[in-house]
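Remarks on the structure that follows.
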Amino acid sequence: MYVFMGHMRYRDTKPFPDSFWRAKGIDLMRAWVSRVDAAGKSLEFQDGPPLAWDRLLIASGSRSNMFGWPGQELDGVQGLYGLPDLKKLYETTERTRRAVIVGGGLIGIELAEMLHSRNVHVTFLVRETSYWNNILPDEESAMINRLVRQHGLGLELATDLDRIEEDGHGRCAAAITKDGRRFECQLLGLTAGVSPNVEFLAASGIDIGRGVLVDEQLKASAADVWAAGDCAEIVRDGADRNLIQQVWYTGKMQGEVAGDNIAGEGDGRRYDPGIWFNSAKFFDLEYQTYGSVNRSAPGERNLYWEHPTHQHAARLVHLDGTVIGLQTMGIRWRHEVAEQWIGDGRSVDETLRGLSQLAFDPEFHRRHEGDIVHAFRGQLE
1 MYVFMGHMRY
11 RDTKPFPDSF
21 WRAKGIDLMR
31 AWVSRVDAAG
41 KSLEFQDGPP
51 LAWDRLLIAS
61 GSRSNMFGWP
71 GQELDGVQGL
81 YGLPDLKKLY
91 ETTERTRRAV
101 IVGGGLIGIE
111 LAEMLHSRNV
121 HVTFLVRETS
131 YWNNILPDEE
141 SAMINRLVRQ
151 HGLGLELATD
161 LDRIEEDGHG
171 RCAAAITKDG
181 RRFECQLLGL
191 TAGVSPNVEF
201 LAASGIDIGR
211 GVLVDEQLKA
221 SAADVWAAGD
231 CAEIVRDGAD
241 RNLIQQVWYT
251 GKMQGEVAGD
261 NIAGEGDGRR
271 YDPGIWFNSA
281 KFFDLEYQTY
291 GSVNRSAPGE
301 RNLYWEHPTH
311 QHAARLVHLD
321 GTVIGLQTMG
331 IRWRHEVAEQ
341 WIGDGRSVDE
351 TLRGLSQLAF
361 DPEFHRRHEG
371 DIVHAFRGQL
381 E
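Heads up: the sequence shown is residues 1 to 381, going by my numbering.
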């Protein structure tokens, strides 16, 4: 989004300069893999000869979810995940006056801000009864509802897309909802989440589920194959559900574990996701979350404070007096402190007495820790 909005250049998004690969003895190929042959240890491409390998890391990322809506193949309908999506967006925006975004969440709000910066009118079609309330608690979700509308965007809640109407020239013309309403648009963003990009592995001999099935060392079912990042589905002993984590920092951590094990330097190193963390911005409203928030665990209790302006909020989640989650809106807290306190099982009382240690807002920002502590203690009485 920052390239599209002019805050960064494309070359600034590259992790290394173009000269890095050759200097490190790495051959960088730009090609599409059409088939992986795990037994024969070779890759086949859409163009060019096959490539043999001794060890293989699959880091094929995600793809935007498409749920088979009629018209989803039309020009002007797209997700927002990789560089091809960005290029397509540049082209479509040139002829776009009105856009519809299907789905909320973080991808949706980023796409909305990108289009809003080009003076494109945006309408959200959100299936949930409140924005991202499958992740956010009710109060924080309500803050996002207000924010979206304050920025002049349309927000249609509890609304499902039925089909996408064509303009007669292979382009999208409107979104039609299941209740029969029509929303004109020249661009329709499908931001209802992402899924592991593993379809090309169907006949590879590598076991896949939702993603590439791997153990906690990120080793796949086939010999000398590993997977990491968005495409990896980690099978955990005793867990009710396999683990797929699709945020940047877990991909980095998984890459380090897989790299050590592929190189034979990890001594069977296992992936430990640690304390969950995420952060984002909803327009100019910053969001941070640590640990377990809105998981509805048996016995958990919430302490919540929100400023009268609805621009700042803080939440503490505890279980039998032990802090298990922290979340803020419009307030910055220190990552390393929040992570340590949750990991150490810090008590609510200790947390409130030392809450100022979490503060990370820049100089001259108003501090809210006193109001937060006062509100939280009142809720404990």
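Where a beta carbon is used, it is the ideal one built from N, C-alpha and C, also for glycine.
In this text, all values refer to a predicted model and were calculated from it rather than measured experimentally.
| Query | Result |
| --- | --- |
| Tyr-389, DSSP secondary structure in three states | Past the boundaries of the shown model lies residue 389; the chain is included only from 1 to 381, so the question cannot be answered. |
| Selection from Glu-113, Ser-141, Ser-356 and Ile-206 that minimises the alpha carbon distance to Glu-400 | As displayed, the chain neither begins before 1 nor continues past 381, which places residue 400 out of reach and without an answer. |
| Given Leu-201 as reference, the closest of Val-36, Gly-378, Asp-12 and Met-8 once Cα atoms are compared | Val-36 |
| For Gln-327: DSSP bridge partner residues | Thr-289 and Arg-315 |
| Nearest neighbour of Val-348, chosen from Glu-336, Thr-322, Ile-331 and Gln-357 [CA to CA] | Thr-322 |
| Val-247 versus Glu-139: straight-line alpha-carbon distance, rounded | 24 Å |
| DSSP three-state assignment for Gln-72, whether helix, strand or coil | coil |
| According to DSSP, residues forming a beta bridge with Asp-54 | Answer is none; Asp-54 lacks a bridge partner. |
| Alpha-carbon spacing of His-335 relative to Ala-359, whole angstroms | 10 Å |
| CB contact below 8 Å: Ala-223 versus chain B | Chain labels in this structure do not include chain B; a single protein chain is all it has. |
| Euclidean distance between Cα positions of Asp-237 and Asp-272 | 13 Å |
| Touching by the beta-carbon criterion (3+ pairs, under 8 Å), the stretch 278–289 and the stretch 251–265 | no |
| Start and end residues, beta strand (DSSP E) containing Asp-162 | 161–166 |
| Residues bridged to Leu-187 (per DSSP) | Ala-99 |
| Beta strand (DSSP E) runs contained entirely in the stretch 243–285, provided each spans 3 or more residues | 277–282 |
| Straight-line Cα distance separating Glu-300 from Leu-319 | 5 Å |
| Which residues DSSP lists as bridging Trp-226, in chain order | Leu-57 and Lys-219 |
| Opposing strand residues paired with Val-214 [DSSP bridges] | Ala-220 and Ile-234 |
| Distance, Trp-53 Cα to Leu-218 Cα | 18 Å |
| Limits of the unbroken alpha helix (DSSP H) element including Gly-343 | 335–344 |
| Terminal residues of the beta strand (DSSP E) in which Asp-37 lies | 33–37 |
| Uninterrupted beta strand (DSSP E) stretches inside the stretch 124–156 (no shorter than 3 residues) | 154–156 |
| Boundaries of the beta strand (DSSP E) in which Leu-43 is found, first to last residue | 42–45 |
| Whole-angstrom distance between Val-293 and Asp-240, CA atom to CA atom | 19 Å |
| Nearest-angstrom Cα separation, counted from Ala-227 out to Val-214 | 7 Å |
| Opening and closing residue of the beta strand (DSSP E) in which Pro-196 lies | 194–196 |
| Same chain, Cβ closer than 8 Å to Trp-21, neighbours up to 5 away in sequence not counted | Asp-27 and Leu-28 |
| Per-residue burial, His-312 [other beta carbons within 10 Å of its own, 16 or more giving buried] | buried |
| Trp-32 classed as buried or exposed, judged by whether at least 16 other C-beta atoms fall within 10 angstroms | exposed |
| Range of the contiguous alpha helix (DSSP H) that encloses Ala-23 | 20–23 |
| First through last residue of the alpha helix (DSSP H) which encompasses Leu-358 | It is not in any alpha helix (DSSP H) - Leu-358 carries neither H nor E in the DSSP assignment. |
| According to DSSP, residues forming a beta bridge with Ile-208 | Val-212 |
| Same chain, Cβ closer than 7 Å to Pro-50, five either side skipped, listed in chain order | Ser-42, Leu-43 and Glu-44 |
| Opposing strand residues paired with Leu-106 [DSSP bridges] | In the DSSP output, where bridge partners are listed per residue, Leu-106 has none listed. |
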